[in-house]
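Residue numbers (the working numbering): 848 to 1048. Ideal placement from N, C-alpha and C gives every residue a C-beta, glycine not left out. Step one of this worksheet: look at the structure below.
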Amino acid sequence: MYFTTIFLIILSSLLSLNTAIPLHYPVLFLLKNNCPFPVYIREAVAEFPSPRPWEHCKNWGETPEAKMPAHSTAYGGMPVLKDSCGHSIKVARSPHGSPYQFEFTWALENDRMWYDMSHVDGNPFTDVEREFAPHNHCPALKCVAGNDGSACDYSVQTDCGTKGKLHAWLCGRGKGETETEEWSLEEVVPIGELEVVKEGE
């Protein structure tokens, strides 16, 4: 019984490391859904780093699609490592819909952060403002409501020599919200702990 209890404690700790990373992690993605409706979100890491396709990314894979409530904040639970492995936060307007994407990579080769927004696989948010901005005074990407993505989406992209939190907004920033804003664990949840969308919904 004693060994069973110890095993369960260790297993629980390992699982928590896979589903939640601390908000003081060197690089962290935060999404603020300021829309008056829920969105449907997945988090993915590429299987191979683009510059080294013979290697496997340590945390590659994709989370199940989950429902992110209106006026809520979530953060990426997959650690962002300096390995050139691409990360994508896929956000849809409806369950299993075509996703808009926030993409970023911490490059091993030059220690820079690369990031963009993309409607290659879907463009369901043209009627609302969307923005992707680091907290460290690096260039922000922003499209106002009504823009088809030509002002902010790939192939508009940028990189930055400093690392930190990457803030994204749907439906614009709320009053007083900035890219330097700090979040507490009580205010946000990792994407992997949101309510999973069931098949057929």
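Pick helix, strand or coil for residue i, following the three-state DSSP scheme.
| i | result |
| --- | --- |
| GLU1046 | coil |
| GLU909 | strand |
| GLU1040 | helix |
| MET960 | strand |
| ASP1006 | strand |
| ARG1020 | coil |
| ASP1000 | strand |
| PRO981 | strand |
| HIS1014 | strand |
| CYS882 | coil |
| THR952 | strand |
| TYR887 | strand |
| PHE972 | coil |
Quick check: the Cα distance between residue i and residue j, rounded to an integer number of angstroms?
| i | j | result |
| --- | --- | --- |
| VAL874 | ALA921 | 14 Å |
| HIS903 | SER897 | 10 Å |
| GLU1034 | SER919 | 8 Å |
| ARG899 | SER941 | 35 Å |
| LEU864 | TYR872 | Bear in mind that the predicted position of LEU864 carries a pLDDT of just 38, short of 50, making it too unreliable to give a figure here. |
| ASP995 | ASN970 | 8 Å |
| ASP958 | GLN1004 | 17 Å |
Smallest Cα separation from residue i: which of the options?
| i | options | result |
| --- | --- | --- |
| GLU890 | TYR1001, TRP901, GLU912, LYS879 | GLU912 |
| CYS932 | MET960, LYS879, ALA939 | MET960 |
| VAL927 | GLY944, LYS905, MET915 | LYS905 |
| TYR887 | TRP907, VAL991, LEU1017 | LEU1017 |
| CYS882 | LEU1041, ARG1020, HIS984, GLY1039 | ARG1020 |
| GLU894 | TRP901, TRP907, LYS879 | TRP907 |
| LYS1012 | ALA987, ALA992, SER997 | ALA987 |
| MET964 | VAL1044, VAL938, HIS943, ASP974 | VAL938 |
| ASP968 | TYR1001, TRP901, VAL991, THR1005 | TYR1001 |
| PHE884 | PRO916, THR910, ASP958, MET925 | PRO916 |
| ASN880 | GLY1039, HIS1014, HIS943 | HIS1014 |
| LEU877 | SER997, GLY1023, ALA980 | ALA980 |
Identify, in the order they occur along the chain, each residue of the same chain with its Cβ nearer than 6 Å to the Cβ of residue i, setting aside the five sequence neighbours on each side.
| i | result |
| --- | --- |
| LYS989 | GLU978, CYS999 |
| CYS985 | CYS1007 |
Which residues in the same chain as residue i place their Cβ atom closer than 8 Å to its Cβ, once the five residues preceding and following it in sequence are excluded?
| i | result |
| --- | --- |
| ASP930 | PRO896, CYS904, LYS905, TRP953, LEU955 |
Got a sec: does the ligand MN put a non-hydrogen atom nearer than 8 Å to the Cβ of residue i?
| i | result |
| --- | --- |
| LEU928 | Of the ligands one can find in the structure shown there are none, so the ligand MN has no counterpart to examine. |
Q: Just list the beta strand (DSSP E) runs in the region 889–945, keeping only unbroken ones of 3 residues or longer that don't cross its boundaries, in chain order.
A: You should have 913–915, 919–922, 934–939.
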